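In this text, residue positions in the sequence shown follow the working numbering: the first is 936, and each later residue adds one.
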Amino acid sequence: MYYILKCFDPAEGFIARIEYRDDDPFRFWNGGERFDDEPETPLRATVVSDAQSVLAELWETPLPMMTARLHQALCQLGVSNLDVYPVELTDSRSGKIIDDYLAFNLIGVIAAADLQQTRFAPGSPERMISADIDHLVVAPDRIAGAHMFRLGESVSAIMVDQQVRDGLIAAGFDTLSFLPPDQWVG
936 MYYILKCFDP AEGFIARIEY RDDDPFRFWN GGERFDDEPE TPLRATVVSD
986 AQSVLAELWE TPLPMMTARL HQALCQLGVS NLDVYPVELT DSRSGKIIDD
1036 YLAFNLIGVI AAADLQQTRF APGSPERMIS ADIDHLVVAP DRIAGAHMFR
1086 LGESVSAIMV DQQVRDGLIA AGFDTLSFLP PDQWVG
């Protein structure tokens, strides 16, 4: 079984917003390919927060970032297709530097949707990269055992297998959500 990995706002409060100015407008963090020209590190971003916001375990945009502890757990669970880069995250309220985040480039895009059973949004002709999907059905035979990858039909979707999901839950990552494909809309 495969799941869409998300990090939603907590029950109380909300996830702080990230501001990031890309140093290269032709570097695509969700393209699933290694960068020809790697970014200079540490990358610099700002977290915009208030008293009700929290730091996330995972941000998907504008700069894909995760905590160093999440990266370590993913590696221990067999994920080996993440290129990571240190981030210097500045808190906009205090000016404090938070340095336990890594920007990540998830290498690997797999067109895993069962095109006969997946429901695409009416009037949306796209079927790759940015398809509007109302109901996703995964074709497991197209995945070839990948633990974590971007969905080829909608590269904003990060998919993980059962082993990764179960391992992260067992390790106490309770701020992450794992949506069954048929419950995801993207």
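Note that beta-carbon positions come from the ideal geometry of N, C-alpha and C, so glycine has one too.
Here the structure is a predicted model, which means the values were calculated and not measured.
Practice problem: Kindly indicate which residue of 1055, 1020, 981, 1051 has the alpha-carbon position closest to the one of residue 1041. | Solution: Residue 1020 is the option with its Cα nearest to residue 1041.
Kindly list the residues whose CB is nearer than 7 Å to the CB of residue 1120, restricted to its own chain and excluding five residues on each side of it in sequence; keep chain order. For residue 1120, where only same-chain residues beyond five positions count, the Cβ hits under 7 Å are 1068, 1069.
Use the C-beta contact count for residue 959: other C-beta atoms within 10 angstroms, 16 or more gives buried, fewer gives exposed. Residue 959 counts as exposed, since fewer than 16 other beta carbons sit within 10 angstroms of its beta carbon.
Nearest neighbour of residue 974, chosen from 1007, 1022, 1086 [CA to CA]: Ranking the options by Cα distance to residue 974, first place goes to 1022.
Using only the alpha-carbon positions, how far apart do residue 1073 and residue 1048 sit? C-alpha separation (whole angstroms): 5 Å.
Exercise. Is the number of C-beta pairs between the segment 985 to 998 and the segment 1009 to 1017 that are closer than 8 Å three or more?
Worked result: No, the segment 985 to 998 is not in contact with the segment 1009 to 1017.
What's the C-alpha gap between residue 947 and residue 1004?
Near 23 Å, if we compare the C-alpha coordinates of residue 1004 and residue 947.
Practice prompt. Would you please state the rounded distance, in angstroms, between the beta carbons of residue 1094 and residue 938? I believe it to be under 8 Å.
Written response: The Cβ separation is near 7 Å, so the contact holds.
- Query: In terms of residues, what are the limits of the alpha helix (DSSP H) holding residue 1082?
  - Reply: Element bounds for residue 1082: n/a, residue is neither H nor E.
Inset, instruction - Scan the segment 980 to 1062 and note each continuous beta strand (DSSP E) run of 3 residues or more that stays entirely inside, going in chain order. - result: Within the segment 980 to 1062, complete beta strand (DSSP E) segments of at least 3 residues are found at 1000 to 1002, 1017 to 1026, 1032 to 1041, given in chain order.
Original post:
From residue 1037 to residue 1017, what does the alpha carbon distance come to, in whole angstroms?
Top reply: Residue 1037 and residue 1017: Cα-Cα distance of roughly 10 Å.
Quick one: using the 10 Å Cβ neighbour count with 16 as the cut-off for buried, is residue 956 buried or exposed?
Answer is exposed; the Cβ neighbour count stays below 16.
ask   = How many Å lie between residue 997 and residue 1035 at the Cα?
value = CA-to-CA, the gap between residue 997 and residue 1035 works out to about 18 Å.
Buried/exposed call for residue 1039, threshold 16 Cβ in 10 Å
Buried, by the Cβ-count rule.
Within 10 angstroms of the Cβ of residue 1015, are there 16 or more other Cβ atoms? Answer buried if so, exposed if not.
With fewer than 16 other Cβ atoms inside 10 Å of its own Cβ, residue 1015 counts as exposed.
Burial state of residue 1079, where buried means 16 or more other Cβ atoms lie within 10 Å: With fewer than 16 other Cβ atoms within 10 Å, it is exposed.
Q) In angstroms, rounded to a whole number, what distance separates the CA positions of residue 1098 and residue 1052? A) A direct Cα-to-Cα measurement between residue 1098 and residue 1052 gives close to 25 Å.
Exercise. Note the first and the last residue of the continuous alpha helix (DSSP H) segment covering residue 1105.
Key: Element bounds for residue 1105: 1097 to 1105.
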